[in-house]
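A quick write-up on the structure given underneath.
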Amino acid sequence: MSEMNDIKNYLIELGASKVGFADVDGLASDFIDLPHGISLVLKLPKEAMNLVKEEEYEEYWKCFHSQIAVLTEIALKGEEYIKNLGYDAFALTMTRNECDMERLLSILPYKTIATKSGLGWIGRSALFVTPEYGSAVALGAILTDMPLEFGEPITDSECDDCTNCQDACPVNAINPQKWNDRLNREDIIDIETCAEYIIGQYKVGLGCTKCMSECKRTQEYLKSG
């Protein structure tokens, strides 16, 4: 599938750290009826995690949103590239995904596309976890009808018995239950408590990304060369 390899290489050349392909047929049909998903993973700079450690949240959020802007550009250029091949495509940017900040929900979660693409799994914190970067990633996606060879979905957590994220949570919102794709999000995290705290922190210029920065895989990424 030369076209598939071409789009993957193109997206990585634009700056994506990882790219995967998934069958998402029917998952967003009420929104846009495109059956295939391209997952975009962008690692966060190590400096961003150091800002979290130093509680320099204003600078951290600037860095994070700059990475979202990069992902948005990658997704939009990917959409154009696919359309020029003669297929339909829709860049699932943050604004287009209509994220509900009160409930931390979106029309089609990026994490769903990413796990179905085989790029990683969901940690105890309900954050997406990659083997290479832990939770220190930002996610994006493109929906399309372009023929793709799908990755092998990851359906069970690949976290071990580590409880770093759970121990780090300041409001005890993380449950001991490990993720699998048969569970609801509420089975692994008290999302109302989490959301209330995060929104409150954000409003006063702070943040809470301790579950991200304390993730063992994130720590391994930060210590890597």
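So for the sequence shown, the working numbering puts the first residue at 3; every next one is plus one. The C-beta atom is built at its ideal place from N, Cα and C for all residues, glycine as well. Computed from a prediction, not measured in an experiment: that's the story for all the values here.
Contiguous alpha helix (DSSP H) elements confined to the stretch 138-211 occur at 166-170 and 193-205, taking only those with 4 or more residues. Sequence-distant partners of Tyr59 (beyond 5 residues in either direction) whose C-beta falls short of 7 Å from its own C-beta, in its chain, are Gly207, Leu208 and Gly209. The continuous alpha helix (DSSP H) containing Leu53 extends over residues Lys48 to Lys55. Here DSSP, grouped into helix, strand and coil, assigns Ser31 to coil. For Ser226, the secondary structure class from DSSP, reduced to helix, strand or coil, is coil.
In this structure, DSSP gives Gly80 a helical state, which the three-state scheme calls helix. Where Ile40 is concerned, there is no enclosing alpha helix (DSSP H), although the beta strand (DSSP E) around it starts and stops at His38 to Lys45. Distance from the Cα of Asp192 is smallest, within the candidate group Val173, Met6 and Lys118, for Val173. Residue Lys180 holds the alpha-carbon nearest to the alpha-carbon of Asp163 among Glu154, Lys180, Ile156 and Pro149.
Spanning the alpha carbons of Ile76 and Thr114 requires a straight line of approximately 19 Å. Rounded to whole angstroms, Phe152 and Tyr12 show a C-alpha spacing of 18 Å.
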